[in-house]
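Residue numbers (our numbering): 53 to 223. Virtual Cβ for every residue (Gly too), placed ideally from N, Cα, C.
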């Protein structure tokens, strides 16, 4: 019975990994993004180091209270050209040039910019996973280190299961 479970696990592992990869790529093609939170401006709802899942939202569907990922207008810049994640505190749809004002939950005042809602690349936050964004927050090298570390742990766990590894029986 144990051998059958081991064979099943070996067969299902790559299938599940491939399915997860297809899901992540497919989600990305549909505009779903994973946004790491770099600062504490959205604490406590999205503390620094969180990973936020966002889905695309049209400018005309933005309402006060939405938490959105967006790029601020020029001349404002952000670290690493990453999107800002802040709450919408005002929407003005009049005069043919709709815009929104935003503010971080932990910030005492609104952001200095007004973001145009016409043709803007906006993502509505739908899920916040605390601490999961830490590997991505440091840039591409930290993400690569996270992946390599995970691969090393997986290889070590696999090697520990081999006969003659010095592990106690049944480990």
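Checking the DSSP bridge columns, you'll see residue 152 partnered with 143, 167.
Within the model, the alpha-carbon separation for residue 103 versus residue 186 is close to 8 Å.
By the C-beta density criterion, residue 149 is exposed, having fewer than 16 other C-beta atoms within 10 angstroms.
Looking from the CA of residue 179, the closest CA among 120, 124, 142, 158 belongs to 120. Where residue 175 is concerned, the enclosing beta strand (DSSP E) starts and stops at 175 to 181.
Look at residue 90 here: in three-state DSSP terms it is coil, with no helix or strand label. Look at residue 207 here: in three-state DSSP terms it is helix.
With a cutoff of 7 Å on beta-carbon distance, residue 136 and residue 130 are scored as near each other.
Across the structure, residue 139 and residue 112 are spaced so that their CA atoms are roughly 16 Å apart. Shown here, residue 67 sits in a helix according to DSSP, grouped into three states. Burial is judged here by how many other beta carbons sit within 10 angstroms of a residue's own beta carbon; residue 64 has fewer than 16 and is exposed. Residue pairing of residue 119 in beta bridges, as defined by DSSP: 139. Within 10 angstroms of the beta-carbon of residue 156 lie 16 or more other beta-carbons, which makes it buried.
In this model, residue 117 and residue 141 are separated by some 6 Å (Cα to Cα). The beta-bridge partner set that DSSP reports for residue 108 consists of 175. The beta-bridge partner set that DSSP reports for residue 85 consists of 106.
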